[in-house]
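Novice: Listed in order, the protein sequences are those of chains C and A.
Numbering-wise, the first sequence is residues 1 to 381 according to the UniProt record's numbering.
Numbering-wise, the second sequence is residues 1 to 125 according to the UniProt record's numbering.
Note that the Cβ used here is the ideal one computed from N, Cα and C, for glycine as well.
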Amino acid sequence: MPENQSHSDSLKNTPLFDQHVALGGQMVPFAGYNMPVKYEGVLAEHKWTRVEAGLFDVSHMGQARLSGEGAIAVLEALTPTDFAILPQGKQKYSLLLNEEGGILDDWMVSRPFAEGFMLVVNAACKDQDFDIIADFIANDETGADVEFEVLTDRALLALQGPRAKDVMTELCPAATEMYFMECGTFELLGEVAYISRSGYTGEDGFEISFPAARVADLWDELLSNPIVKPIGLGARDSLRLEAGMPLYGHEMDAGYTLVESNLGFAMNKSRLTRGDIRGIDRLRAQLDGKLDRVRVAIRVLEGPPAREGARIVSENGAELGVVTSGVPSPSLGYSIAMGYVPPAASAIGTRLKLETRGRQYAAEIVSLPFVANGYHRKPKA
Amino acid sequence: MKFTKDHEWVNVTPESGGNEAFVGITAYAAEALGDVVFVEVPEVGKVLKKGDSFAVVESVKAASDVYAPVSGEVIEANDLLSSAPETINAVPEAGGWIAKIKLADASELDGLMDRAAYEAYLATL
């Protein structure tokens, strides 16, 4: 049964640690931080976010600013994304690649200000990522001007859910004029906030970069609205899984490419044509069909939830791959999973079996996302 | 009712003459797990050694093993838990029982904590 959770002194706290404890948050170690895994309960928090507005402290994530005439060259050297075409006010999902095209992290890169780019990276990868960027700049021989600054003085909140916009209308109405994947610089509680209309739940919502010294005020202000409840990492995981979003260290790591992970949208055609992407030969070969495995969405049809590590086998017992994340879906009432199988077994409707505790249970490949997203997309002109 | 450090309980039924007991997880365990959404109960007839994993309780977040607090044979499983797993959260130390066991060695009970000792143990966590 549950292990005693010891709070190691080596763990870091976000600026909202006291708030989490006061709200009854169950604190667990995550990526080197004491983080709330739940407050009221994962199920209730999950469902609340799908109908109202959930507030997440994601201040453990890394934030950095990259500016100067050489900023685009730095980003393009390390990712498969065309950043020259990303205008101010827009945000783009991108991937940090190693020399072989393996995925070292996934990033949100935005241009909320004129001077350059803002990066939001995974907590567990941030030291690595920022070292790679700093090393690249230090070894750059072009002489281009680049400024790189890790924003350790900023916290990050995510406000997610169909009623997130109602909450923002009261606090920062200008931010509600943005569409999905847009971003900007706003004044909020008298401070400079970098806000994007995005998130990790599949719902409409906002991510707010805010001075760490005052984020407790913003947190309390947001929670003073009865529409808003605090949401822990437990529901964050089940929400992103329903939305079909990959989690670094689970759906991908250095052993996977963006083709295998089905993250081609992080790559621009212009970069593929230019051929200046790390691991380009491998990526092209995979795009041409030399692909051993691909990320798929799986619906569990019977038995227990399939968790990370569950074997995936064909109906006649052939080894296909492994589950990388799985959860009993609170919204759908059945269990869902993501994992890797050979392309030949990846067609929607393919029946397969998932092995849990030595027994095999029926499952089926379905389409992503599991739960339709609620993004506030810009209407097509 | 007796308790283990792994947060299982065992409750000998008076009418069995001390030979049979219900087993389950404690209120503390149920609270720590959160909303239970799936329970895998043991098959009737299964023979358990004290400490064997004999059931699995799953929340949205994770699957947790439940260990046999005593040795014996499973003579009944709580089938209610397959249709209503949330019973574990609602009444963990009553209707949320997981299995009924025919005890192999009633003296094993002597090594378990009583309510007061278990509560004292919880206070140290």
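#1: Here's a check: name, in chain order, each residue in its chain whose Cβ is nearer than 8 Å to the Cβ of C/S6, leaving out the five neighbours to either side.
#2: If you measure from the beta carbon of C/S238 to each beta carbon in chain A, is any gap under 8 Å?
#3: Counting only the same chain and skipping the five closest in sequence on each side, list residues whose C-beta sits under 7 Å from that of C/S346.
#4: Determine, using beta carbons only, whether C/L157 comes closer than 8 Å to chain A.
#5: Can you tell me where the beta strand (DSSP E) with C/F370 in it begins and where it stops?
#6: Determine the chain C residues that contact A/A99 at a beta-carbon separation under 8 Å, and present them in chain order.
#7: By Cβ distance below 7 Å, which residues in the same chain neighbour C/D217 in space, the five residues on each side in sequence not counted?
#8: For the alpha helix (DSSP H) holding C/F130, just list the boundary residues, first then last.
#9: Any beta-carbon of chain C closer than 8 Å to the one on A/M1?
#10: Output needed in chain order: residues of the UniProt domain "Aminomethyltransferase C-terminal" (293–371) of chain C with a Cβ under 9 Å from some Cβ in chain A.
#11: DSSP has C/Q360 in a bridge; who is on the other side?
#12: Could you pull the start and end residues of the beta strand (DSSP E) that A/S71 belongs to?
#13: Please decide whether A/F38 counts as near chain C, where near means a Cβ-Cβ distance under 8 Å.
#14: Note down, in chain order, all residues in the region 68–82 of chain A with a beta-carbon under 7 Å from any beta-carbon belonging to chain C.
#15: Counting contacts by CB-CB distance shorter than 8 Å, is A/K50 in contact with chain B?
#16: DSSP has C/S196 in a bridge; who is on the other side?
#17: Hey, would you say C/L368 sits closer than 8 Å to C/G184, going by beta carbons?
#18: When burial is assigned at 16 or more other CB atoms within 10 Å of the CB, is C/S10 buried or exposed?
#19: If you compare alpha carbons, which of C/E69, C/A344 and C/Y200 is closest to C/Y248?
#20: Please compile the residues from chain C whose C-beta is within a distance smaller than 7 Å of the C-beta of A/D35.
#21: Residue range of the beta strand (DSSP E) that C/A53 falls in?
#22: Is the region 121–137 of chain C in contact with the region 221–240 of chain C, if contact means three or more CB pairs nearer than 8 Å?
#23: Starting from the N-terminal side, write out each stretch of the alpha helix (DSSP H) that is 4 residues or longer and does not extend beyond the region 228–254 of chain C.
#24: Closer than 7 Å by C-beta to A/T87: which residues in its own chain qualify, once you throw out the five before and the five after it? Chain order, please.
#25: Starting from the beta carbon of A/E58, find every residue of chain C whose beta carbon is closer than 9 Å, and list them in chain order.
#26: Would DSSP call C/D220 helix, strand or coil?
#27: Starting from C/G234, find everything on chain A with Cβ-Cβ shorter than 7 Å and list it in chain order.
#28: Does C/K38 come within less than 8 Å of chain A when only Cβ atoms are used?
#29: Using 8 Å for Cβ pairs, my map puts C/R311 next to C/E355. What's the rounded Cβ distance?
#30: Would you kindly report the start and end of the unbroken beta strand (DSSP E) that includes C/S257?
#31: Can you check whether the CB of C/G374 is closer than 8 Å to the CB of C/E207?
Specialist: Taking the geometry as given:
#1: Because the pLDDT of C/S6 is 48, which lies under 50, any placement of that residue in the model is unreliable, and the number read from its coordinates should be weighed accordingly. Around C/S6: no qualifying Cβ.
#2: yes
#3: V294, V296 and I365
#4: no
#5: Neither: C/F370 is in no beta strand (DSSP E) and is coded neither H nor E.
#6: The premise fails here: A/A99 is roughly 15 Å from chain C at the closest Cβ pair, so nothing lies under 8 Å.
#7: L189
#8: K126 to A138
#9: no
#10: G303, P304, P305, R307, V327, P328, S329, P330, S335, T356 and R357
#11: C/E355
#12: Element bounds for A/S71: n/a, residue is neither H nor E.
#13: yes
#14: none
#15: In the structure shown, chain B cannot be found, because the protein chains are C and A.
#16: C/C183 and C/E207
#17: no
#18: exposed
#19: The shortest Cα separation from C/Y248 among C/E69, C/A344 and C/Y200 belongs to C/Y200.
#20: Result: G41, V42 and L43.
#21: A53 to D57
#22: no
#23: 233–242
#24: L80, L81, G95 and G96
#25: Correct list: P304, P305, R307 and P328.
#26: Three-state result, C/D220: helix.
#27: V60 and K61
#28: yes
#29: C/R311 to C/E355, Cβ: 4 Å. Contact.
#30: Inspection of the sequence shows that residue 257 of chain C is occupied by Thr rather than by Ser. C/T257 -> no beta strand (DSSP E), and no H or E assigned at all.
#31: no
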